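Novice:
Residue numbers (this note's numbering), protein chains in the order written: chain A, 1 to 112; chain B, 113 to 225.
Okay, structure coming up:
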């Protein structure tokens, strides 16, 4: 089975901190994605990457950046955490082409 | 602006009943429509998917109905079970677009015993 592993299930950070969320996949997928999930809003795409060192903005990239130095690892960075970034963050990966995603279990981030 | 609109937001169904969740879209370039199921504490998992060249796809108790002219698709869960209680998301994507998906807002299904 494909596995997408997110390094933390729960995180509590202070306003202004720099936050790193890590995601690792083990199926050699080309594409990796970061979504945030909020009640009533569904899943919204923050950033995605289709190759090592390549990244593209999603629908809500403001306040976030990403890094993909190795094919299996995709990191989401909150440069200066704010309370409105309190959310569930989901990482996903897929092969190129129209196939479904494999999601990680999510990281619930609380910014206080 | 949400590209895929999903309803209802929540749904309560008795065991053995039929659960129906609806989604609508505007972008006619969408060509792949999956449904995801998410249990508490877990990430969403692909449940079933359809392409617009067919009007229906069935896998066990789960059926997608697709109406291309109306730009609508729906998930039907037959003989709903308490174990189906979860949040369901519809989604849509465009071919050759880095496999980006646009998700609906989700439906929380509660199947009562």
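We put the CB at the ideal spot given by N, CA and C, even for glycine.
Here the structure is a predicted model, which is why all the values come from computation and not from measurement.
Compute the distance between the beta-carbons of residue 69 of chain A and residue 53 of chain A, then report whether it is under 8 Å.
Specialist: yes
Novice: Please tell me whether residue 180 of chain B has its Cβ less than 8 Å away from any Cβ of chain A.
Specialist: no
Novice: Between residue 109 of chain A and residue 11 of chain A, which are expected to be in contact by the criterion C-beta below 8 Å, what is the C-beta distance as a whole number of angstroms?
Specialist: 5 Å
Novice: Within this structure, are the beta carbons of residue 149 of chain B and residue 200 of chain B separated by less than 8 Å?
Specialist: yes
Novice: Considering only the alpha carbon of each residue, which of B:203, B:141, B:180 and B:124 lies closest to residue 189 of chain B?
Specialist: B:124
Novice: Within the continuous beta strand (DSSP E) that includes residue 34 of chain A, where are the two ends?
Specialist: 31-38
Novice: Under 8 Å, with one C-beta from each stretch per pair, do the stretch 127-146 of chain B and the stretch 205-219 of chain B reach the 3-pair mark?
Specialist: yes
Novice: Taking residue 160 of chain B as the reference, give the member of B:173, B:142 and B:194 with the closest Cα.
Specialist: B:173
Novice: Among A:88, A:91, A:101 and A:87, which residue has its Cα nearest to the Cα of residue 205 of chain B?
Specialist: A:101
Novice: Going by DSSP, name the residue or residues bridged to residue 185 of chain B.
Specialist: Partner(s): B:135 and B:178.
Novice: Alpha carbon to alpha carbon, how far is residue 61 of chain A from residue 47 of chain A? Give it in angstroms, no decimals.
Specialist: 6 Å
Novice: Taking 8 Å as the threshold (C-beta atoms), are residue 27 of chain A and residue 91 of chain A in contact?
Specialist: no
Novice: Is residue 156 of chain B near residue 194 of chain B, with beta carbons less than 8 Å apart?
Specialist: no
Novice: In this structure, what does DSSP give as the bridge partners for residue 48 of chain A?
Specialist: A:33 and A:56
Novice: For residue 63 of chain A, which of A:45, A:51, A:50 and A:85 has the nearest alpha-carbon?
Specialist: A:85
Novice: Can you tell me which of A:42, A:67, A:94 and A:18 puts its alpha carbon nearest to the alpha carbon of residue 78 of chain A?
Specialist: A:18
Novice: Check the DSSP bridge columns for residue 103 of chain A and list the partner residues they point to.
Specialist: A:92
Novice: In terms of alpha-carbon separation, which member of A:106, A:42 and A:57 lies closest to residue 4 of chain A?
Specialist: A:106
Novice: For residue 146 of chain B, which of helix, strand or coil comes out of DSSP?
Specialist: strand
Novice: Report all residues from its chain with a CB closer than 7 Å to the CB of residue 87 of chain A; omit the five preceding and five following residues, and keep chain order.
Specialist: 36, 37, 38 and 109
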